[in-house]
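There are 2 protein chains.
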Amino acid sequence: MQQYTPAKWQTWERFYRANFINSLTGFKSASLIGSINEQGVPNLAMFSSMVHIGSDPALIGYINRPVAAAPHTIANISANGWYTVNHIHSSFLGQAHQTSAKYPEAVNEFEAVGLTAEYLEGVKAPFVKESHIKYALSLKEIIPIQLNDTFLVIGQLEQVWIDNALQPQKDGFLALDQAGTICSNGLDAYYKTELIDRYAYAKPDQPVTKLEAL
Amino acid sequence: MQQYTPAKWQTWERFYRANFINSLTGFKSASLIGSINEQGVPNLAMFSSMVHIGSDPALIGYINRPVAAAPHTIANISANGWYTVNHIHSSFLGQAHQTSAKYPEAVNEFEAVGLTAEYLEGVKAPFVKESHIKYALSLKEIIPIQLNDTFLVIGQLEQVWIDNALQPQKDGFLALDQAGTICSNGLDAYYKTELIDRYAYAKPDQPVTKLEAL
């Protein structure tokens, strides 16, 4: 094994260090957050830090970088209280990645990258029409992380839309591999996935057991 | 598209709802957190909520469920200040899943599931010897999430160990698919991954571009 310590990575060139540290934490989701500003300009941006906070109530968080680095999404969410999260599929991966470019606030990223804004009843923010699995959140809390001026933004799940061909399995599970939802790692790498196994709920006095296909 | 709303999922059976809500947020890492209590009993538990907080300083967070539901890891980290995060590979996926069983505090999960605790110089917590990519964190902050009594636990990266065969690419990127690191979804599903593409840093005035293989 090779050991790495802060004394080593602090000497690295900035992008080398960012690639290394960002890819170390493992695979993650990459989703498009849709929001809209007070002038009515939609915003679309990729985030790879969605995190499950709880199921009842259904709370979902993401990490927003410092305001100077990523100002628009968090400003829109703060002002409007609503936002959407849209799964990314390989069919529009390039367009999704392009939303990470630093467009000025007056630019509508849906138009700039070639995706379609879709407004659905009851949600004051745009969805991505091309996405097969998407949901709307209402802002519950923005928790500042003072260590590095980032934010944990927490929303409550208010509405979910799932393509008719991708409905939940018998136990509620969504087979995201069959939906072609991509996963990501580091700053710029995207993957397709293949199911290894599902396992039964683990108990101390029982051997580990694979779930039969549902 | 099929629509789902809170009025619908609040009527669902608890595990159906948990499967649905947990799988909705997308693919995620699944890692083993190693810690040790004040009596010297090691603890090993799977967490699927690792989240990158920042690269400089290198800060990594995870969500700990309410103390009543998941008491040992957060208590050990609070008391000791150190913990390890260990990638899971398909070669020991069953053992890793079994750590999610609710063992009493006096049980050493390494022994209970058949993994090997490894103590490396400078880190006051056990690593998983079988893991090819692992790192140590020192606790920086535990942020309570009052909405549902969970916690965002943030550590600073202090030491990284990577198998000699899996060293960083020319730009610092770690090819986790080649490491056989698994990814997860929902409560119990595990996947292998296959690279689709890496993309170049996106700029507003340039078309989206795939990175050449490094």
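Those protein sequences? They're chains A and P, same order as listed. Sequential numbering of the first sequence, starting at 1, is according to this note's numbering. Sequential numbering of the second sequence, starting at 1001, is according to this note's numbering. Glycine included, every Cβ here is placed at the ideal spot set by N, Cα and C. Remember, it's a predicted structure, so these values are computed and weren't measured experimentally.
For residue i, which residues in the same chain have their Cβ closer than 6 Å to its Cβ, ignoring the five residues on either side in sequence?
i: P:Val1113; result: Gln1095, Gln1098, Thr1099
i: P:Phe1110; result: Pro1042, Leu1044, Ala1117
i: P:Ser1131; result: Asn1086, His1087
i: P:Gly1054; result: none
i: P:Ala1079; result: Glu1038
i: A:Gln3; result: none
i: A:Ala125; result: Gly34, Ser35, Ile36, Trp82, Tyr83, Thr84
Only counting the same chain, and skipping five residues up and downstream in sequence, which positions put a Cβ closer than 8 Å to that of residue i?
i: A:Asp188; result: His97
i: P:Thr1073; result: Ile1033, Ser1035, Asn1043, Ala1045, Phe1047, Asn1064, Tyr1083
i: P:Asn1138; result: Residue identity differs from the one stated: residue 1138 of chain P is Ser in this sequence, not Asn. For P:Ser1138, where only same-chain residues beyond five positions count, the Cβ hits under 8 Å are Gly1081, Trp1082, Gly1155, Gln1156, Glu1158.
i: P:Val1123; result: Trp1082, Thr1084, Ala1136, Glu1158, Gln1159
i: P:Leu1211; result: Asp1197, Arg1198, Tyr1199, Ala1200
i: A:His89; result: Glu130, Ser131, His132, Ala179, Gly180, Thr181, Ile182
i: A:Leu176; result: His87, Ile133, Thr193
Spatial neighbours of residue i within its chain, please: C-beta separation below 7 Å, excluding the five flanking residues on both sides.
i: P:Gly1186; result: Asn1019, Asn1022, Ser1023
i: P:Ala1070; result: Asn1064
i: P:Leu1152; result: Gly1061, Ile1063, Ile1143, Ile1145
i: P:Asn1108; result: Val1041, Pro1042
i: A:Thr209; result: Tyr199, Ala200
Tell me the rounded alpha-carbon separation between residue i and residue j.
i: P:Ile1060; j: P:Asn1037; result: 21 Å
i: A:Ile142; j: A:Asp205; result: 41 Å
i: P:Met1001; j: A:Tyr135; result: 12 Å
i: A:Tyr103; j: P:Lys1203; result: 8 Å
i: A:Ile77; j: A:Pro66; result: 15 Å
i: P:Tyr1119; j: P:Val1160; result: 13 Å
i: A:Ser91; j: P:Asp1197; result: 13 Å
i: A:Glu215; j: P:Lys1170; result: This structure leaves residue 215 of chain A out entirely; chain A is present only between 1 and 214.
i: P:Asp1056; j: A:Trp12; result: 11 Å
i: P:Asp1149; j: P:Lys1008; result: 24 Å
i: A:Gln167; j: P:Ala1101; result: 29 Å
i: A:Ala75; j: A:Glu105; result: 11 Å
i: A:Pro207; j: P:Asn1164; result: 33 Å
i: A:Ala58; j: P:Gln1010; result: 10 Å
i: P:Asn1068; j: A:Ala68; result: Sequence inspection shows Ala at residue 1068 of chain P; the Asn mentioned does not correspond to that position. Whole-angstrom Cα-Cα distance: 38 Å.
Nearest by alpha-carbon distance to residue i: which of the options is it?
i: A:Leu32; options: A:Cys183, A:Glu212, A:Tyr199, A:Val208; result: A:Cys183
i: P:Leu1174; options: P:Glu1158, P:Tyr1190, P:Leu1195, P:Tyr1191; result: P:Leu1195
i: A:Leu93; options: A:Gly122, A:Val123, A:Ser29, A:Ile145; result: A:Ser29
i: P:Tyr1062; options: A:Pro57, A:Met50, A:Ala68, A:Ala58; result: A:Met50
i: A:Gly172; options: P:Ala1125, P:Arg1017, P:Gln1010; result: P:Arg1017
Are residue i and residue j touching if we call contact CB-CB under 7 Å?
i: A:Ile162; j: A:Lys140; result: no
i: A:Ala179; j: A:Ile133; result: yes
i: A:Tyr190; j: P:Thr1193; result: no
i: P:Val970; j: P:Leu1147; result: Here chain P covers residues 1001 to 1214 and nothing more, so residue 970 of chain P does not appear.
i: P:His1052; j: A:Thr25; result: yes
i: P:Phe1027; j: A:Phe27; result: yes
Step through the CB atoms of chain D and report whether any lies within less than 7 Å of the CB of residue i.
i: A:Val67; result: Of the protein chains in this structure, namely A and P, none is chain D.
Does at least one heavy atom of the ligand PLP sit under 6 Å from the Cβ of residue i?
i: A:Leu59; result: With respect to the ligand PLP, the structure offers nothing, as it holds no ligand at all.
- Task: Taking only beta carbons into account, state which residues of the segment 1174-1190 of chain P come closer than 9 Å to chain A, listed in chain order.
- Result: Leu1174, Ala1175, Leu1176, Asp1177, Thr1181, Ile1182, Cys1183, Ser1184, Asn1185, Gly1186, Leu1187, Asp1188, Ala1189, Tyr1190
- Could you list the residues in the segment 69-91 of chain A with a C-beta less than 7 Å from some C-beta on chain P, going in chain order? Taking 7 Å as the cut-off between beta carbons, the residues of the segment 69-91 of chain A near chain P are His87, Ser90, in sequence order.
- Item | chain A contacts made by the segment 1013-1042 of chain P, where a contact means CB separation under 9 Å | Glu1013, Arg1014, Phe1015, Tyr1016, Arg1017, Ala1018, Asn1019, Phe1020, Ile1021, Asn1022, Ser1023, Leu1024, Thr1025, Gly1026, Phe1027, Lys1028, Ser1029, Ala1030, Ser1031
- Check each residue of the segment 1100-1116 of chain P: if its Cβ is closer than 9 Å to any Cβ of chain A, include it; give the result in chain order. Ser1100, Ala1101, Lys1102, Tyr1103, Pro1104, Val1107, Ala1112, Val1113
- Cβ-based contacts, 7 Å cut-off: residues of the segment 1140-1152 of chain P near chain A: Lys1140, Glu1141, Ile1143, Ile1145, Leu1147, Asn1148, Thr1150, Leu1152
- Item | Members of the segment 1189-1206 of chain P that neighbour chain A once the beta carbon cut-off is set at 9 Å | Ala1189, Tyr1190, Tyr1191, Lys1192, Thr1193, Glu1194, Leu1195, Ile1196, Asp1197, Arg1198, Tyr1199, Ala1200, Tyr1201, Ala1202, Lys1203, Pro1204, Asp1205, Gln1206
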